[in-house]
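Q: Just dropping this structure here.
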Amino acid sequence: GSGNVVKSGADTLTLSGSNSYTGGTTISGGTLVASNVEALGTGDVTNNATLELNTGGDFINNIGGTGRVEKSGDDVLTLSGANSYSGGTLISDGTLVASNVDALGSGDVTNNATLEMNTGGDFINNIGGTGRVEKSGDDTLTLSGSNTYTGGTLISDGTLVASNVEALGTGDVTNNATL
704 GSGNVVKSGA
714 DTLTLSGSNS
724 YTGGTTISGG
734 TLVASNVEAL
744 GTGDVTNNAT
754 LELNTGGDFI
764 NNIGGTGRVE
774 KSGDDVLTLS
784 GANSYSGGTL
794 ISDGTLVASN
804 VDALGSGDVT
814 NNATLEMNTG
824 GDFINNIGGT
834 GRVEKSGDDT
844 LTLSGSNTYT
854 GGTLISDGTL
864 VASNVEALGT
874 GDVTNNATL
């Protein structure tokens, strides 16, 4: 349908079906877990609490709001939306692929698994955590944040530009393309 789904209250709610509603999703409290890439329909997501994505595939919905996005589960998940959420991103398991520089909103990224950047442009968010950052795709990506991640950097395709001495964190760099 065309209606809006609203998640309120402090509890955790999991949506696992392939939903087709178009009116968007609002998260005003607690945690909303999507265990299917199509669980939140096709509309925009306004996240003012916690959105946990425990699934794989291509999540195309735009995400806004002040809340945090969490990636859990072993699957590979791509964020493709023009996202403006400001509460940060937590990657606890699997691989999170950003297909554009706005995919991770404007907050800090805590990467404890794998963050793959398959995009070009200037990525200004700070990246911390114990995970690895991978640069894929043919484009030129600039990392401009004060990054503290320790899992290393893999450059598999394209060009990765470090705009400051902290841009590549503290781990080893494996360069199979251009740095």
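Per the numbering used here, the sequence shown starts with residue 704, numbered consecutively.
Cβ atoms here follow ideal geometry from the backbone N, Cα and C, with glycine treated the same way.
Since the model is a prediction, treat every value here as computed from it, not as a measurement.
1. Under the assumption that N751 contacts S731 (Cβ atoms under 8 Å), give the Cβ distance between them as a whole number of angstroms.
2. I need the boundaries of the beta strand (DSSP E) containing D805, first residue and last residue.
3. Measure the CB-CB distance between G784 and I766 and report whether it falls below 7 Å.
4. Cα separation between G885 and V708?
5. Sort out for me which residues DSSP pairs T792 with in a bridge.
6. Mapping DSSP to helix, strand and coil, what is D761?
7. Apply the 10 Å Cβ neighbour rule to T769 and answer buried if 16 or more other Cβ atoms are within range, or exposed otherwise.
8. Does the distance from the CB of E869 to the CB of S849 come in under 7 Å?
9. How long is the line joining the alpha carbons of A713 and T734, rounded to whole angstroms?
10. What are the partner residues of A737, as DSSP defines its beta bridges?
A: Here's the rundown:
1. 5 Å
2. No beta strand (DSSP E) holds D805; DSSP gives it neither H nor E.
3. yes
4. This structure gives no information on residue 885, because the portion of the chain shown stretches from 704 to 882.
5. Its beta-bridge partners are V772 and V812.
6. strand
7. exposed
8. yes
9. 7 Å
10. L718 and L756
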